[in-house]
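Reading through the structure tokens given below for one structure.
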Amino acid sequence: MITRSGRHIDPEDPVWILNHYRAAEVHGAGAIMRMQRLANTTRLRTDLSRHLRDEAVHAWLWTRAIEEFNGEVVDVDEPYQAVLAAHYGIPKTLNDMLALTLVSERRGLSEYEIHVDQQGLPKAIRRPMKAIIRDEQWHVSYIEDALREQAKEDKGVHQLIERAEHADALAIEELESNAPV
34 MITRSGRHID PEDPVWILNH YRAAEVHGAG AIMRMQRLAN TTRLRTDLSR
84 HLRDEAVHAW LWTRAIEEFN GEVVDVDEPY QAVLAAHYGI PKTLNDMLAL
134 TLVSERRGLS EYEIHVDQQG LPKAIRRPMK AIIRDEQWHV SYIEDALREQ
184 AKEDKGVHQL IERAEHADAL AIEELESNAP V
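Residue numbers for the sequence shown follow our numbering, so the first one is 34 and each next one is one higher.
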């Protein structure tokens, strides 16, 4: 990754992964704002509002961590969610977006849980990550609840989740094959 100032960020540099984490939160916030307009219950609108707040706070926590490493906040060309959406296709319904968000939140939670336990992880990363993990667990829980409710009216919800899970597998395969070595 090359920053706007021309500085090369090595994938082994914590700033590289922190920029990816930050980009995921920013991208997630955009998706939540779109879902907010489609939400069909007060409960879902309330949960999405809280989730949007969390995404903004998380992006700020990662920004602050980048600054603690004297790093530069940069755009990530292809964040995970963009690759996921490319493999899923254009989400047309609230249920499409919920399924994609569920899979994305599960992926993020899994990555954070793996990363937080690494030996020698700097406090500038571990501290926000622990707080973010708690929020991500709630995100997964409320989205699962929302999809269960949606499935009462739309029997195709389970297929949408499976489609999103398949898109996730393809996205991870693509990102791993394109990752710098």
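Glycine included, C-beta positions come from ideal geometry on N, C-alpha and C.
Just so you know, these numbers come straight off a predicted model, no measurement behind them.
In three-state terms, what does DSSP make of N103? Within the sequence shown, residue 103 is the residue found at index 70, counting from 1. Note: N103 maps to coil in three-state DSSP.
Could you tell me which uninterrupted alpha helix (DSSP H) segments, each at least 4 residues in length, are contained entirely in the region 50-135, listed from first to last along the chain? 75-101, 113-121
Inter-stretch contact (C-beta, 8 Å, three-pair minimum) for the region 179-199 and the region 133-144: yes
Could you check whether Q183 and V173 sit closer than 7 Å to each other, using their CB atoms as the reference points? For the purposes of this step, residue 173 is taken as the residue at position 140 of the sequence shown. For the purposes of this step, residue 183 is taken as the residue at position 150 of the sequence shown. Taking 7 Å as the Cβ cut-off, V173 and Q183 do not qualify as a contacting pair.
Tell me the rounded alpha-carbon separation between L117 and A204. The residue given as residue 117 occupies position 84 in the sequence shown. The residue given as residue 204 occupies position 171 in the sequence shown. Rounded to whole angstroms, L117 to A204 spans 5 Å at the Cα level.
Which residue comes first and which comes last in the alpha helix (DSSP H) that contains L180? The residue you call residue 180 lines up with position 147 of the sequence shown. 156-184 is the extent of the alpha helix (DSSP H) around L180.
Give a yes or no on whether 7 Å exceeds the smallest Cβ distance from A89 to chain B. Structure shown: chain B not included; a single protein chain is present.
Among L208, I158, E209, E138, which has the Cα closest to the Cα of R97? Your numbering for residue 97 matches position 64 in the sequence shown. The option with the nearest alpha carbon to R97 is I158.
With respect to the alpha helix (DSSP H) encompassing D201, which residues constitute its N-terminal and C-terminal limits? The residue labelled residue 201 in the question sits at position 168 within the sequence shown. Start and end: 190-211.
Can you tell me whether DSSP reads G153 as helix, strand or coil? The residue labelled residue 153 in the question sits at position 120 within the sequence shown. Three-state DSSP puts G153 in coil, outside helix and strand.
Tell me which same chain residues have a C-beta within less than 7 Å of the C-beta of A89, skipping the five on either side of it? In the sequence shown, the residue the question calls residue 89 occupies position 56. If we look at A89 and ignore the five residues flanking it on each side, its Cβ neighbours are A62.
Rounded distance between the beta-carbons of D108 and Y175, thought under 8 Å: The count along the sequence shown starts at 1 and reaches residue 175 at position 142. The count along the sequence shown starts at 1 and reaches residue 108 at position 75. A Cβ-Cβ distance of about 29 Å is found for the pair Y175 and D108, leaving them out of contact under the 8 Å criterion.
Quick one: Cα of I99 to Cα of A57, how far? The residue labelled residue 99 in the question sits at position 66 within the sequence shown. The residue labelled residue 57 in the question sits at position 24 within the sequence shown. Their backbone Cα atoms lie some 14 Å apart in a straight line.
Whole-angstrom Cβ separation of D168 and D87, contact assumed at under 8 Å? Taking the sequence shown and counting its residues from 1, the one referred to as residue 168 is at position 135. Taking the sequence shown and counting its residues from 1, the one referred to as residue 87 is at position 54. About 5 Å; that satisfies the 8 Å criterion.
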